[in-house]
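To start, the structure under review is shown below, and the notes come after it.
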Amino acid sequence: DAGVTQSPTHLIKTRGQHVTLRCSPISGHKSVSWYQQVLGQGPQFIFQYYEKEERGRGNFPDRFSARQFPNYSSELNVNALLLGDSALYLCASSLQRTSTYGYTFGSGTRLTVV
Amino acid sequence: ILNVEQSPQSLHVQEGDSTNFTCSFPSSNFYALHWYRWETAKSPEALFVMTLNGDEKKKGRISATLNTKEGYSYLYIKGSQPEDSATYLCASQITGANNLFFGTGTRLTVIP
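So the protein lines, in turn, are chains A and B.
Quick note on my numbering: the first sequence kicks off at 1 and runs consecutively.
Quick note on my numbering: the second sequence kicks off at 1001 and runs consecutively.
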């Protein structure tokens, strides 16, 4: 069974552009969460979607948005990119909204803004 | 934002040595504590999820303990092997929130 898949694995964008990152959860998982990891820091929570509705939002500006599709895959969109948006973006899926069985992470999308 | 701290930041040990790291987290509104192992260029792999004070979990040579009253968890690796080299992340989960609050990780290097 495939794990959590994220695409693309790497991309380079210019300041001011927008970007869309994609995540496919493990089959049967209804919850998808997005995290941003900047070098030297731990992953920081951006969004959680469960059953296609936003269930949690971290301390990120409105330039960040996301959605979840009927097949539970998800997109993270970032508008008006800044240099500081350069980071590894991780997607995690779980069966339920709150999991004490752990979350399954993808290997991330490395975004570089120049 | 929850302040989750891990120490040490990095650690080098010889193959065969046993080692341990610490994760500190706020004890108020505690729900669960997660440990992940993250090898370079791979995805973080869940090791343990602990919820009860005094919990101890074991997976092969790796074990973890939890003290929710004082807000800390220890991860132990017995007889370290080069394949144990990775970053070990802990993350706290609080009641009423669906997300994890991560520490900055402990980077372990096992020297053959």
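We put the CB at the ideal spot given by N, CA and C, even for glycine.
Give me the chain A residues within the contact set of residue i, using Cβ-Cβ distance strictly less than 9 Å, ordered along the chain.
i                  : result
Leu1089 of chain B : Gly42, Pro43
Asn1001 of chain B : According to the sequence provided, residue 1001 of chain B is Ile. The question's Asn does not apply to it. Ordered by position in chain A, the residues that pass the 9 Å Cβ test against Ile1001 of chain B are Gln44, Gly58, Asn59.
Helix or strand or just coil, what does DSSP make of residue i?
i                  : result
Glu54 of chain A   : strand
Glu75 of chain A   : strand
Glu1070 of chain B : coil
Leu39 of chain A   : coil
Leu83 of chain A   : helix
At 8 Å on the CB atoms, spell out the chain A contacts of residue i, in chain order.
i                  : result
Lys1042 of chain B : Ser107
Mind listing the chain A neighbours of residue i? Cutoff is C-beta to C-beta under 7 Å, in chain order.
i                  : result
Phe1102 of chain B : Gly42, Pro43
What do you get for residue i, buried or exposed, if any count of 16 or more other CB atoms within 10 angstroms of its CB means buried?
i                  : result
Asp62 of chain A   : exposed
Glu38 of chain A   : One point to set straight first is that residue 38 of chain A is Val, not Glu, in the sequence displayed. Under this definition Val38 of chain A is an exposed residue.
Asn1098 of chain B : buried
Tyr101 of chain A  : exposed
Gln17 of chain A   : exposed
Arg1037 of chain B : buried
Nearest to residue i by CA position, among the options, is which residue?
i                  : options                                    : result
Phe105 of chain A  : A:Cys23, A:Lys13, A:Lys52, A:Ser86         : A:Cys23
His10 of chain A   : A:Val113, A:Thr109, A:Val114               : A:Thr109
Gly1060 of chain B : B:Asn1067, B:Leu1047, B:Cys1090            : B:Leu1047
Ser65 of chain A   : A:Leu111, A:Phe47, A:Pro8                  : A:Phe47
Ser31 of chain A   : A:Ala92, A:Val114, A:Thr112                : A:Ala92
Asn1020 of chain B : B:Ser1092, B:Phe1102, B:Pro1112, B:Asp1084 : B:Asp1084
Leu90 of chain A   : A:Leu83, A:Tyr103, A:Gly56, A:His29        : A:Tyr103
Would you mind reading off the limits of the beta strand (DSSP E) that contains residue i?
i                  : result
Leu1011 of chain B : 1010-1014
Lys1078 of chain B : It is not in any beta strand (DSSP E) - Lys1078 of chain B carries neither H nor E in the DSSP assignment.
Gln17 of chain A   : First-last for Gln17 of chain A: undefined, no H or E at that position.
Val1110 of chain B : 1106-1111
His29 of chain A   : First-last for His29 of chain A: undefined, no H or E at that position.
In chain B, what lies closer than 8 Å to residue i by C-beta?
i                : result
Gln36 of chain A : Those within 8 Å of Gln36 of chain A in chain B number zero; the least Cβ separation is about 11 Å.
Gly84 of chain A : Residues of chain B passing the Cβ test: none, with the nearest at roughly 17 Å.
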